[in-house]
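A.B. asks: Chains as they are written, first to last, in UniProt numbering: chain A, 1 to 205; chain B, 1 to 205; chain C, 1 to 205.
Ideal Cβ placement from N, Cα and C applies to all residues, glycine included.
Here the structure is a predicted model, which means the values were calculated and not measured.
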Amino acid sequence: MELFFYWFDHLGVAVFAISGTLLAFRKNMDGFGVIVLASVTAIGGGTLRDLILDLPVFWAYDPTYLYTIIVAALGTIVWLRFRDYIHQKTLLTADAFGLAFFTVMGAQKAHMAEFPAIICVVMGTMTACFGGMLRDVLARDIPMVLKGELYATTCLVGASVYVLIADFSPLLALLVGGVVTLLMRLGAIRWQWHLPVFQEHGESR
Amino acid sequence: MELFFYWFDHLGVAVFAISGTLLAFRKNMDGFGVIVLASVTAIGGGTLRDLILDLPVFWAYDPTYLYTIIVAALGTIVWLRFRDYIHQKTLLTADAFGLAFFTVMGAQKAHMAEFPAIICVVMGTMTACFGGMLRDVLARDIPMVLKGELYATTCLVGASVYVLIADFSPLLALLVGGVVTLLMRLGAIRWQWHLPVFQEHGESR
Amino acid sequence: MELFFYWFDHLGVAVFAISGTLLAFRKNMDGFGVIVLASVTAIGGGTLRDLILDLPVFWAYDPTYLYTIIVAALGTIVWLRFRDYIHQKTLLTADAFGLAFFTVMGAQKAHMAEFPAIICVVMGTMTACFGGMLRDVLARDIPMVLKGELYATTCLVGASVYVLIADFSPLLALLVGGVVTLLMRLGAIRWQWHLPVFQEHGESR
């Protein structure tokens, strides 16, 4: 069970490392810039979560996470050698999987440390969104989280589902919460669901 | 007394949440992007302060701060429904009030934990400026703190006033320091006070 | 010995404070914006390192670092009064020295706290690169670390050299690691060495 969570966590790290590598590729970065962007995306959210919850930062005490990032980034680079370009959709899909993994793992870590429910929901959302936000700020893209595409909202819903089920079965909560997040986000990408956007009707600045 | 400080702190959080919401509105963000920007602005500075001083992060152990943010952001959204546009000045004024509250609360938290005077001044300035800096970076504005408008300087002065008075009366220090910060900043906005700006005279890069 | 490390650390802080001041000058910031940018550059990386390793944040308990920043920034400002413009190369060179100091000091701090070798390498790289990354994000430049110029790669090599030698002699490791980092980076600037850059061959987004 513990082991299952552990591998689930590594899977999330790998997927976000891939998403960082894909964006670095689009931005024509060099080999090491790729590793930096992959790492920031993969461990940025979890690092902030652990700092705020005053837990040991997960990767500082278990370097295998860093090896996961390196393997995922190098694998992606090799795979990209055989492609002329990458679809924006590939990047969005990798990001959606990372989002689903990290939302439930973030909520779970707070839940296991016995924080109140709302903090678990916030931590799930933050773990999932912060790494990608750093990735976009560094690569000078508009952060996905701030665009009107049900991004952070899916994390909020997925983490809430996790919290509701977690007292009965953490494993079931992980699966249901993760699947809900993933489907909502993929649906938002596919059918361009979005929340109402605020708009100024009058003069612009 | 303790309770007074507690409410003062919530007031600062609410005001900065409003300022984040107003900027999100200007940038046409969706409903949840607004909450994210409001939260980052409201708790970014205090989070960094608590991490650096190795204190428990204030909102992780007292979720009422999160409810304050949600209420302030939703209230602002409702209010904005009846407005065609917002003046840049409204945003600047909300920001100035947040700045005043957070400068003295940040200095006070470091002072109560018995850090040296210069650290209290730095923490006041950082608590006040960091959230707004994150807000501007995320929304891709030039951070106010880096523009030549007596921004961080007012925090520095306000926090210094707090530190000078705090040994006699924390409450008086809070009021005087806060009022000094607020008036200096409002004056800087109104009459465009600014520090000398460095300028290159020769070739530009 | 301890004292030697201590001064070495201050030297790194001073050099990065100078590099932050130079960039602020290029960007026409005001007097306090300069201090903010100098501070962020000088202590950003070390702050993140200490937070992640769960060590006391170095400058919060020893304010002399802040005085070092102020003196370095003011000294640079005075020096700039007598110059019409600054060469981009001056900025790059100051940055290279800061990079060399911080790489070995970051690796050393992790090594002394007995973290595994890969974490020491990561911490060296992070200490050196993070402050400059924040500087560039705030000043809205493309972060040097993400451009194809052997930036983070030199830190990785320098920190690895440190770790390989540190078990025999921390002092020797500091000197050799620092010199290797400095020479690699200066060479990269002078002869424009770079790693292969990834490029999309087909359509752009």
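Can you give me, in chain order, the residues of the stretch 54 to 75 of chain A that have a beta carbon less than 7 Å from any beta carbon in chain C?
C.D. replies: Pro-56, Val-57, Ala-60, Pro-63, Leu-66
A.B. asks: Determine which residues of the stretch 22 to 47 of chain C have a Cβ less than 7 Å from any Cβ of chain A, and write them out in chain order.
C.D. replies: none
A.B. asks: Kindly list, in the order they appear in chain A, the residues whose Cβ is closer than 9 Å to that of B/Arg-135.
C.D. replies: Result: empty, since nearest Cβ-Cβ is about 11 Å, beyond 9 Å.
A.B. asks: Would you kindly report the start and end of the unbroken alpha helix (DSSP H) that includes A/Trp-193?
C.D. replies: Taken as a continuous stretch (DSSP letters only), A/Trp-193 belongs to no alpha helix (DSSP H), as it is neither H nor E.
A.B. asks: Check each residue of the UniProt domain "Glycine transporter" (93 to 165) of chain A: if its Cβ is closer than 9 Å to any Cβ of chain C, include it; give the result in chain order.
C.D. replies: Val-137, Leu-138, Ala-139, Arg-140
A.B. asks: Assuming C/Ile-43 and C/Val-13 form a contact by the criterion Cβ under 8 Å, report the distance between their Cβ atoms to the nearest whole angstrom.
C.D. replies: Separation of the CB atoms of C/Ile-43 and C/Val-13 is rounded to 7 Å, and the pair is thereby assigned contact status at 8 Å.
A.B. asks: Identify the contact partners of C/Ile-52 in chain A, using a Cβ-Cβ distance below 7 Å as the criterion.
C.D. replies: Thr-47, Val-57, Ala-60
A.B. asks: Just the Cα atoms here: how many angstroms apart are residue 206 of chain B and A/Val-176?
C.D. replies: Only positions 1 to 205 of chain B appear in the structure, and residue 206 of chain B is not among them; the question remains open.
A.B. asks: Leaving out the 5 sequence neighbours to the left and right, which residues in its chain are closer than 6 Å to C/Gly-178 when beta-carbon positions are compared?
C.D. replies: Ala-100, Val-104
A.B. asks: Kindly indicate which residue of A/Phe-8, A/Thr-93, A/Gln-108, A/Val-71 has the alpha-carbon position closest to the one of A/Ile-165.
C.D. replies: A/Gln-108
A.B. asks: Check each candidate in A/Thr-68, A/Phe-115, A/Leu-92, A/Glu-114 and name the one with the smallest Cα separation from A/Pro-143.
C.D. replies: A/Leu-92
A.B. asks: Helix, strand or coil: how does DSSP classify B/Asp-62 here?
C.D. replies: Looking at B/Asp-62 - three-state DSSP - the assignment turns out to be coil, as it is neither helix nor strand.
A.B. asks: Whose CA, out of A/Leu-55, A/Asp-54, A/Phe-115, A/Val-34, lies closest to the CA of A/Ile-69?
C.D. replies: It is A/Val-34.
A.B. asks: Have a look at C/Ala-96 and C/Met-112 and give me their C-alpha separation to the nearest angstrom.
C.D. replies: Taking the straight line from one Cα to the other gives about 24 Å.
A.B. asks: With C/Leu-156 and C/Val-121 assumed to form a contact (beta carbons below 8 Å), what rounded beta-carbon distance in angstroms separates them?
C.D. replies: Confirmed, about 6 Å.
A.B. asks: Distance, Cα to Cα, C/Leu-183 vs C/Ala-159?
C.D. replies: Our two residues, C/Leu-183 and C/Ala-159, have alpha carbons roughly 14 Å apart in a direct line.
A.B. asks: For C/Ile-119, collect the residues of the same chain with a Cβ closer than 7 Å to its Cβ; drop the 5 residues on either side in sequence, then sort them by chain order.
C.D. replies: Ala-110
A.B. asks: Taking C/Arg-26 as the reference, which of C/Ile-77, C/Ala-117, C/Thr-153 has the closest Cα?
C.D. replies: C/Ile-77
A.B. asks: Nearest to B/Thr-153 by CA position, among B/Arg-185, B/Phe-168, B/Ala-139, B/Leu-134, is which residue?
C.D. replies: B/Arg-185
A.B. asks: Could you give the C-beta distance for B/His-51 and C/Leu-51, rounded to a whole number, given that I count them as a contact under 8 Å?
C.D. replies: Position check: residue 51 of chain B holds Leu in this sequence, whereas His was assumed. Between B/Leu-51 and C/Leu-51, the beta carbon gap of about 6 Å places them in contact (Cβ cut-off 8 Å).
A.B. asks: For the alpha helix (DSSP H) that B/Leu-37 lies in, which residues bound it at each end?
C.D. replies: 31 to 52
A.B. asks: Just reading off the alpha helix (DSSP H) that C/Ala-100 is part of, what are its end residues?
C.D. replies: 88 to 112
A.B. asks: Output yes or no for whether 9 Å exceeds the beta carbon distance between A/Ala-73 and A/Gly-98.
C.D. replies: no
A.B. asks: Identify the continuous alpha helix (DSSP H) that holds C/Ser-160 and give its terminal residues.
C.D. replies: 152 to 166
A.B. asks: Does DSSP classify A/Leu-175 as helix, strand or coil?
C.D. replies: DSSP places A/Leu-175 in helix when its eight states are reduced to three.
A.B. asks: If you follow the alpha helix (DSSP H) that A/Arg-140 is part of, which residue opens it and which one closes it?
C.D. replies: Note, A/Arg-140: premise wrong, no alpha helix (DSSP H); not H, not E.
A.B. asks: Which word fits C/Phe-4, buried or exposed, when buried means at least 16 other C-beta atoms lie within 10 angstroms of its C-beta?
C.D. replies: exposed
A.B. asks: Secondary structure at A/Ser-19, three-state DSSP: helix, strand or coil?
C.D. replies: helix
A.B. asks: Am I right that A/Pro-116 and B/Pro-63 are in contact with their C-beta atoms under 8 Å? What's the rounded C-beta distance?
C.D. replies: 6 Å
A.B. asks: Excluding sequence positions up to five away, which residues of its chain have a Cβ less than 8 Å from the Cβ of B/Val-137?
C.D. replies: The answer, listed in chain order, is Pro-143.
A.B. asks: Just how far apart, CA to CA, sit C/His-87 and B/Tyr-151?
C.D. replies: 29 Å
A.B. asks: List the whole-angstrom C-beta distance separating B/Thr-47 from B/Gly-20, where the pair is believed to meet the contact cut-off of C-beta under 8 Å.
C.D. replies: In fact, because the Cβ distance is near 14 Å, the residues do not count as touching under 8 Å.
A.B. asks: Between the beta-carbon of B/Val-57 and the beta-carbon of A/Leu-53, is there less than 9 Å?
C.D. replies: yes
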